[in-house]
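Data first, discussion second: the structure below is written as structure tokens.
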Amino acid sequence: DRASSMVTAANSAIATLMAANENNRVAVVAFSSSGNYGGALHTNKTAVTIDGNTVIKNTNGATGAAMHMRSAKVVLKSISLVNNTSTMNGVIYYAGNDLTLENVTATGNKANQGGVLFVNSTTATVKNCFFNGNSATNGGVIYSKGGATINLEGCELAENTAKYGGAVHLTENSKLNLTGTIFSKMPT
């Protein structure tokens, strides 16, 4: 079927839910992975568009508590990421071609690097998103490496915390472009 051929899941229950729903609109609640990649979703070398999901309380031992994607083009629209935890790299880990997040809300997420998003060697365009109360050691919302480019457009980043980069931490020649983005209530 179309949905399961688009993605490989770290947890077979998510593949079943997505395959049963032509529009990929599914709530994913409290899936966990003891493995290293994607507590709820793992993709590899596949273009993916996900619209209208809720991803809650996923945990993962390494990268991508909610989603781990090494993909062709990925588009995530109108999703909510709530209380996901990764012991290492991002609630969403992405290395691939282009990543677009649009109308995404992320609250209460935690990771060592990139409380919400870990971007490696690619371009991420983040539009009209709201990030509140996320935390990490490096990059309370976003951690970027490998010369990645991060475009934040019309976003609000509020009350996010990190030891380094309360909202964004850039390394290895990464770039940040800001358009109409608000950073508010950042702890000092």
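For my numbering, add 1051 to where a residue sits in the sequence shown, where the first one is 1.
A virtual CB, placed ideally from N, CA and C, is assigned to each residue, including glycine.
Suppose the cutoff is 6 Å on Cβ atoms and the five residues either side in sequence are ignored; what does the same chain contact list for E1207 look like?
Correct list, in chain order: F1181 and I1233.
Can you give me the start and stop residues for the beta strand (DSSP E) that S1195 sits inside?
Note, S1195: beta strand (DSSP E), I1193 to K1196.
According to DSSP, simplified to helix, strand and coil, what is V1170?
Residue state, collapsed to three classes: strand.
Between which two residues does the beta strand (DSSP E) harbouring A1218 extend?
It is not in any beta strand (DSSP E) - A1218 carries neither H nor E in the DSSP assignment.
For T1097, which residues does DSSP report across the bridge?
The partner list for T1097 (beta bridge, DSSP) is empty, contrary to what the question assumes.
Excluding sequence positions up to five away, which residues of its chain have a Cβ less than 7 Å from the Cβ of T1212?
These residues qualify, in order along the chain: S1186, G1191 and P1238.
By the 10 Å Cβ neighbour count, where 16 or more other Cβ atoms means buried, how is Y1145 classified, buried or exposed?
So Y1145 counts as buried.
With burial defined as no fewer than 16 other Cβ atoms inside 10 Å of the residue's Cβ, what is the status of Y1194: buried or exposed?
Result: buried.
Give me the Cβ distance between G1147 and A1123, rounded to the nearest whole Å; I'm assuming they're in contact under 8 Å.
That pair is a contact at about 6 Å.
If I measure Cβ to Cβ from G1198 and keep anything under 7 Å in the same chain, skipping five residues before and after, which residues do I get?
Contacts found: S1172, E1223, N1224 and S1225.
Note the first and the last residue of the continuous beta strand (DSSP E) segment covering E1223.
Where E1223 is concerned, there is no enclosing beta strand (DSSP E), given that its DSSP letter is neither H nor E.
Taking just the CA atoms, how far does L1221 sit from A1162?
The straight-line gap from Cα to Cα measures roughly 16 Å.
Expressed to the nearest angstrom, what Euclidean distance is found between the alpha-carbon atoms of I1143 and T1105?
The alpha-carbon atoms of I1143 and T1105 are separated by roughly 13 Å.
By Cβ distance below 6 Å, which residues in the same chain neighbour T1067 in space, the five residues on each side in sequence not counted?
The predicted position of T1067 is uncertain, since its pLDDT is 31 and thus under 50; a value taken from the coordinates is nonetheless stated next. Nothing meets the Cβ criterion.
How big is the Cα-Cα spacing for L1150 and V1126?
Rounded to whole angstroms, L1150 to V1126 spans 6 Å at the Cα level.
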